[in-house]
Amino acid sequence: MATLVFSAQPGQSMMLADSGAPLYVDLAFVLVCGGVGVLLALALRFPAPALLGPLIAATCADVAGVSFDASVPTLLLWAAYIVIGWQAGLRFTVASLKSISRVLPAALMLIIAVTVGCALLGLWLASATGTSGYEGYLATTPGGVYAVLAIAASTGANVTFVVAAQIIRVFMMLFAVPMGAKVVQHYRRDRPE
């Protein structure tokens, strides 16, 4: 969709510049936010602690003014993108394709419908926020946050906007789905038979 509709091409972005902080400060910030964030998220029983914990820790550090202008070092960022690609690629096997072969036509139709729906929502978001249609699409596209972040960064999109919208989507799903399940369970228990 990104290539066909929005003519996005990987490699359009410049190599990300590291922050003004020394490399050891960048690495220490990443390690502390990652470690502390995961531990706190586990202790507080957050859903997806490896994603939400470091994100919240880094955000709090930045808002509190103790981030020391640190950022993720470029080489570490690109290494993470490679791991994300491997993770996605290695999960796709002949056995996994065989296991879904019976529902493949319906699954493809659902994927197309969800993608078109998200594209329309993305265009509406883009017009409401003044961003490009491509950034609106990336902000609303279904899929993994990590993969969308890699695509946004490699094609020169507004990564901050895309990640913010994707994180809002993740928060909504992680907190709304369990609450919705409780409502459904409550409704089913109280319903006369």
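In our numbering, the protein residues as written are 28 to 220. Every residue gets a Cβ at the ideal spot worked out from N, C-alpha and C, and that includes glycine. This structure is a prediction, so every number in the text was calculated from the model and none was measured.
Buried or exposed by the 16-neighbour rule on C-beta atoms within 10 Å, applied to residue i
i      : result
PRO205 : exposed
ASP53  : buried
THR167 : buried
LEU102 : exposed
GLY157 : exposed
TYR161 : buried
ALA155 : exposed
ALA85  : buried
GLY64  : buried
Inter-residue spacing [alpha-carbon to alpha-carbon] between residue i and residue j
i      : j      : result
VAL90  : ALA140 : 39 Å
SER40  : GLY171 : Residue placement at SER40 cannot be trusted, given a pLDDT of 49 that sits under 50; what the coordinates show is reported in the next sentence. Looking at the two C-alpha atoms, the distance is approximately 21 Å.
ALA186 : SER128 : Checking the sequence shown, residue 186 turns out to be Val, not Ala. Straight-line Cα distance between these residues: approximately 35 Å.
ALA97  : LEU131 : 45 Å
ALA208 : ALA55  : 40 Å
ALA88  : LEU135 : 42 Å
LEU69  : ALA75  : 9 Å
ILE195 : SER126 : 32 Å
ARG118 : SER159 : 32 Å
LEU31  : LEU124 : 25 Å
ARG216 : VAL210 : 10 Å
LEU201 : LEU67  : 17 Å
VAL189 : TYR214 : 36 Å
Short CB-CB distance (under 7 Å) between residue i and chain B
i      : result
VAL186 : Protein chains in the displayed structure number just one, and chain B is not present.
Cβ-heavy atom distance, residue i to the ligand SAH, below 6 Å
i      : result
MET206 : In the structure on display, the ligand SAH does not appear, and there are no ligands present to speak of.
Residues near residue i in its chain [Cβ-Cβ closer than 6 Å; skip 5 each side]
i     : result
PHE73 : LEU79
Cβ-based neighbour list, residue i, same chain, cut-off 7 Å, excluding 5 preceding and 5 following
i      : result
ALA174 : ILE111 and ALA115
**Report entry** Unbroken stretches of the alpha helix (DSSP H), 4 residues or longer, contained in the stretch 153-207
**Finding:** Taking only runs of at least 4 residues, the alpha helix (DSSP H) segments lying wholly in the stretch 153-207 are 160-167 and 172-182.
Query raised in the report: What alpha helix (DSSP H) runs, 4 residues minimum, are completely inside the stretch 55-122?
Result: 76-90 and 101-118
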